[in-house]
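Chains as they are written, first to last, in our numbering: chain A, 1 to 296; chain B, 1 to 507. Heads up, the beta-carbon is just placed ideally off N, CA and C, and yes, glycines get one too. Given the structure is predicted, the values throughout are model-derived calculations rather than measurements. Worksheet: the structure to be examined is printed underneath.
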Amino acid sequence: MVGILVLMAVAVITFALTNAAIDPASAIAGDSASAQDIQTIRELYGFDRPLYMQFASWAQDMVAGDFGQSYRQRRPAIDVVLERLPVTMTLGLTAFLLALVVAIPLGIVAGLRPNSWIDRLALGFAVLGQAIPNFWFALMGMVIFSVNLQILPVSGSESWQNFVLPSIALAYYAVPTMMRLTRAGIIDVMQSDYIRTARAKGLRPAKIVLKHALRNAILPLVSVAAVQLGMMLGGSVVIETIFAMQGIGYLAWESITMSDPPVVQAIVLIVASFYVLLTFAADIINAWLDPRLRAR
Amino acid sequence: MRQKKVLGVAIAMALNLLATPVMAQQHDNTLRWASQTSITAVDPYFNYYREAMLLNSQLVWDTLIYKSSDGEYHPLLATKWKWVDDTTLEFDLRDDVIWHDGEPFTVEDAVYTFNYISNEENGVNVQSNVNWIEEASALGANTLQIKLTKPFPAALEYISTLLAILPEGFYGDSGQAGAGGRLVGTGPYEIAKFVPGDTIRVEAFGGYFTDSYKGMPTFDAIVYRSIPDTSTQIAELLSGGVDWIWRVPPDQADPMSSMPKITVEADETMRISFLSMNLRDMDGGNPLQDIRVRQAIAYAIDRDQLVKEIIGDGSNVINSPCFRTQFGCVEDANTIGYDPEKAKTLLAEAGYADGIELKMTSYRSREWTEALSGFLKAVNIDVSASVLDYSNARDRVVNNQVHMLMGDWGSYGVNDVSALLNNFFTLSEDDMAQDEKVSEALLSAVDTANVDARMESYNYSVRRIAEEVYWYPLWTHPTTYAYSSKLEFQSHPDENPRFFEAKWADQ
Numbered sequence: 001m002v003g004i005l006v007l008m009a010v011a012v013i014t015f016a017l018t019n020a021a022i023d024p025a026s027a028i029a030g031d032s033a034s035a036q037d038i039q040t041i042r043e044l045y046g047f048d049r050p051l052y053m054q055f056a057s058w059a060q061d062m063v064a065g066d067f068g069q070s071y072r073q074r075r076p077a078i079d080v081v082l083e084r085l086p087v088t089m090t091l092g093l094t095a096f097l098l099a100l101v102v103a104i105p106l107g108i109v110a111g112l113r114p115n116s117w118i119d120r121l122a123l124g125f126a127v128l129g130q131a132i133p134n135f136w137f138a139l140m141g142m143v144i145f146s147v148n149l150q151i152l153p154v155s156g157s158e159s160w161q162n163f164v165l166p167s168i169a170l171a172y173y174a175v176p177t178m179m180r181l182t183r184a185g186i187i188d189v190m191q192s193d194y195i196r197t198a199r200a201k202g203l204r205p206a207k208i209v210l211k212h213a214l215r216n217a218i219l220p221l222v223s224v225a226a227v228q229l230g231m232m233l234g235g236s237v238v239i240e241t242i243f244a245m246q247g248i249g250y251l252a253w254e255s256i257t258m259s260d261p262p263v264v265q266a267i268v269l270i271v272a273s274f275y276v277l278l279t280f281a282a283d284i285i286n287a288w289l290d291p292r293l294r295a296r
Numbered sequence: 001m002r003q004k005k006v007l008g009v010a011i012a013m014a015l016n017l018l019a020t021p022v023m024a025q026q027h028d029n030t031l032r033w034a035s036q037t038s039i040t041a042v043d044p045y046f047n048y049y050r051e052a053m054l055l056n057s058q059l060v061w062d063t064l065i066y067k068s069s070d071g072e073y074h075p076l077l078a079t080k081w082k083w084v085d086d087t088t089l090e091f092d093l094r095d096d097v098i099w100h101d102g103e104p105f106t107v108e109d110a111v112y113t114f115n116y117i118s119n120e121e122n123g124v125n126v127q128s129n130v131n132w133i134e135e136a137s138a139l140g141a142n143t144l145q146i147k148l149t150k151p152f153p154a155a156l157e158y159i160s161t162l163l164a165i166l167p168e169g170f171y172g173d174s175g176q177a178g179a180g181g182r183l184v185g186t187g188p189y190e191i192a193k194f195v196p197g198d199t200i201r202v203e204a205f206g207g208y209f210t211d212s213y214k215g216m217p218t219f220d221a222i223v224y225r226s227i228p229d230t231s232t233q234i235a236e237l238l239s240g241g242v243d244w245i246w247r248v249p250p251d252q253a254d255p256m257s258s259m260p261k262i263t264v265e266a267d268e269t270m271r272i273s274f275l276s277m278n279l280r281d282m283d284g285g286n287p288l289q290d291i292r293v294r295q296a297i298a299y300a301i302d303r304d305q306l307v308k309e310i311i312g313d314g315s316n317v318i319n320s321p322c323f324r325t326q327f328g329c330v331e332d333a334n335t336i337g338y339d340p341e342k343a344k345t346l347l348a349e350a351g352y353a354d355g356i357e358l359k360m361t362s363y364r365s366r367e368w369t370e371a372l373s374g375f376l377k378a379v380n381i382d383v384s385a386s387v388l389d390y391s392n393a394r395d396r397v398v399n400n401q402v403h404m405l406m407g408d409w410g411s412y413g414v415n416d417v418s419a420l421l422n423n424f425f426t427l428s429e430d431d432m433a434q435d436e437k438v439s440e441a442l443l444s445a446v447d448t449a450n451v452d453a454r455m456e457s458y459n460y461s462v463r464r465i466a467e468e469v470y471w472y473p474l475w476t477h478p479t480t481y482a483y484s485s486k487l488e489f490q491s492h493p494d495e496n497p498r499f500f501e502a503k504w505a506d507q
């Protein structure tokens, strides 16, 4: 129910903002259109109707699953978005898995030896990841691996090689937060009574960490990871633009700059749906990890 | 239906990871080029980007006649043409041309094209390119007649550059390109692959007519890719992923020019920059209604230095509000040069000795805008400049919110002043000067085919725009091209790279 209300609010805000910020008639007509050209387009597409009337017909169509026609591509906006979704999902899921594979082990190791050299190294790695702008990191990767070494393609989204650099660039930006949360969780949990008991029972350290400590330590990570995954599935405008990947982040950017509100609205609502679903999934996972949450 | 779409997304994700990379291979005789523009429609009319309307379009489709870069018209799909009267054109068409699907090209195809694009309900993006066409009809098996709504002397300019001929029924009932099942042209290359927003691949058409002015295809294929980021385009060029890019910023062109195997060339284009002054009444008064203020602004700007230091190679200062090769353009109409002391004197005479605050908008380059504002600041004209996208900048002009617009116009390569000044000085909402005399002269120039009368009207308009400083002409835009040194390529001022003229050096 809350999810549906969120989506309704997002729909209203998206419609209001896109119409406030964009004059689609000017955008459709292009940079070299005369005033008369623009007026003709305005009448042809119905942009001269009052805004509430435009919203009413848009909302009615949207409930029926019709997001309208893309002004630029003259075909259903939802088709335009779905065509681009595979690239963003591939990139987002790959980057997310990569971030998890790096962040969790690194966080565990750092958390088990706080203030040791390996902890400092991991924290340094995290600080670097947060400090370096991902566009710069992406361009450096491109120069080294694509231009100089020529072992990876520069841009595009045709093959798995095209996803290597963008996934690393996107993942590196997500790793620090996830690593820090895992580290903090491990430090906290390792000082708990039940861990002391487990040690006293003579359980192997690996079993203590992986079976008993980690389950509780990653509770805060689950919620944050859901948000990170949502961000990645929403498409990274910067990464997709730099690597010329045909995902929905790039599509959102060009639809905003080229004033194609139906596509922008479809993207925002789809991404909002992702967030609603992921938040719901995070709640379920947390309840599974911590039975106390189920009782509340 | 929805389940199928979800399944489609899943399959596409799997294919993304299994596919193999596409790297540049010159031995395939394929020219790969990239630009920032995301082309989302493959036809020439529901676009407004040069990459789609001209560069790709002229590879796939032909116009009735062809305009070479020297402005001369040559036969293409039409062998002969003539003005029957001021509002009637006739063309004799070739009878030996075939479409890419092997069907013969007929006069009915041309009739369909002109009648479809001129029908306002069909919503061609740039109506001013087509709204002078009244009707097309066949006078015989190979004779086409085009009736114009009114005398339109620049008609052949449009017919020879922008108005590509499509097969009959091309848009079907849905209005989609190729909806009739025939996504074909008569040009030297045929469409092999189109991924909206990403790629267009065209391949050589073996059945192209041999004596075409465009010549026979020199490449087996030409591939266009949309790459929005300039740095990425350059990386692709350096790594061999693409063979040709353009609009390289000057600061990146300089280091590239010393690299082996890369040719960097800057060339002038027909696109001109101008500073447009608002003379309309504004809330709180409008200082620009005083010509001395407008003159002061013009005297304050050192265009030579801006061109040399900022705009870069290929650009030239202009002294007329038009491009020199355009019909009706009077060269050296402007007599104002850089003189900051005179600017200060004029401001003082106008009552602004202590300085003045003005609002300006632009949509092309923040760097150019800031540099120009810097010169105005030096004579105590404090400019609040907003660099926006075109539609928002135009909104501010239309809504009378700014004193100045730093704008530019490429005229679509049309060699007639009407393609430039008639958009800005005919009392429309884009007209910041609202000068009835200029408007009258410009409109009379497009209402007659009489060359002398047209020239006289343009002469008056151009001089008055310059003398009254409605526009201060700034410079021509350069375009910097960067491409593989193995490529033989010739640029042209009309900003229309003709890939059908290019070839590999060893070919």
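Measuring alpha carbon to alpha carbon, tell me which residue in the options is nearest residue i.
i, options, result
"G312/B", "V264/B, M455/B and D431/B", "V264/B"
"F96/A", "D188/A, M179/A, T197/A and Q161/A", "M179/A"
"Y172/A", "A138/A, G129/A and I208/A", "G129/A"
"I262/B", "S160/B, P153/B and D243/B", "D243/B"
"I98/B", "P153/B, V60/B and K80/B", "V60/B"
"L170/A", "L203/A, V238/A, D119/A and I118/A", "V238/A"
"T448/B", "A154/B, L347/B, E134/B and N56/B", "A154/B"
"L442/B", "A385/B, L420/B and M432/B", "L420/B"
"S137/B", "N131/B, E108/B and Q127/B", "E108/B"
"L166/B", "I222/B, I245/B, D198/B and H100/B", "H100/B"
"A110/B", "P151/B, I159/B and D86/B", "I159/B"
"D339/B", "K486/B, V307/B and A300/B", "A300/B"
I'd like the span of the beta strand (DSSP E) that includes residue i, first residue to last.
i, result
"S576/B", "Since the first and last residues shown for chain B are 1 and 507, residue 576/B lies out of range."
"P153/A", "P153/A -> no beta strand (DSSP E), and no H or E assigned at all."
"A34/B", "T30 to S35"
"R271/B", "I262 to M277"
"E190/B", "Y189 to V195"
"V497/B", "Per the sequence shown, the amino acid found at residue 497/B is Pro instead of Val. Where P497/B is concerned, there is no enclosing beta strand (DSSP E), given that its DSSP letter is neither H nor E."
"T480/B", "W471 to S484"
Could you confirm whether any beta carbon from chain A is found closer than 8 Å to the beta carbon of residue i?
i, result
"I227/B", "yes"
"R94/B", "no"
"V22/B", "Note that V22/B has pLDDT 41, beneath the 50 cutoff, so the model's placement of it is unreliable and no number is given."
"D416/B", "no"
"A41/B", "yes"
"D430/B", "yes"
"F91/B", "no"
Any beta carbon of chain B sitting closer than 8 Å to that of residue i?
i, result
"T18/A", "no"
"L139/A", "yes"
"A35/A", "yes"
"L44/A", "yes"
"F243/A", "yes"
"S146/A", "yes"
"P76/A", "no"
"R72/A", "yes"
Go to residue i, then tell me how far its alpha helix (DSSP H) extends in each direction, as first and last residue.
i, result
"F274/A", "P261 to L289"
"S239/B", "T230 to S239"
"P166/A", "V164 to M190"
"L44/A", "A35 to Y45"
### Task
Pick out the complete alpha helix (DSSP H) segments inside the region 90-149 of chain B, 4 residues or longer, and give them in chain order.
107-118
### Task
Any chance you could list the alpha helix (DSSP H) runs of at least 4 consecutive residues sitting entirely within the region 340-404 of chain B, in chain order?
340-349, 366-377 and 390-398
### Task
Check whether the region 472-482 of chain B touches the region 36-46 of chain B, counting contact only when three or more Cβ pairs, one atom from each stretch, lie closer than 8 Å.
At 8 Å Cβ cutoff, the stretches do not touch.
### contact_flag[the region 183-190 of chain B, the region 58-76 of chain B] where n(CB pairs < 8 Å) is 3 or more
yes
### Task
Count the C-beta pairs between the region 122-140 of chain B and the region 68-85 of chain B that are closer than 8 Å, then say yes if the count reaches three, no if not.
no
### Query
Taking contact to mean at least 3 C-beta pairs separated by less than 8 Å, is the region 273-287 of chain B in contact with the region 419-433 of chain B?
yes
### Query
Touching or not, the region 150-168 of chain A and the region 222-235 of chain A, by the rule of three or more beta carbon pairs under 8 Å?
no
### Query
Does the pairing of the region 270-282 of chain A with the region 238-256 of chain B give three or more beta-carbon distances under 8 Å?
no
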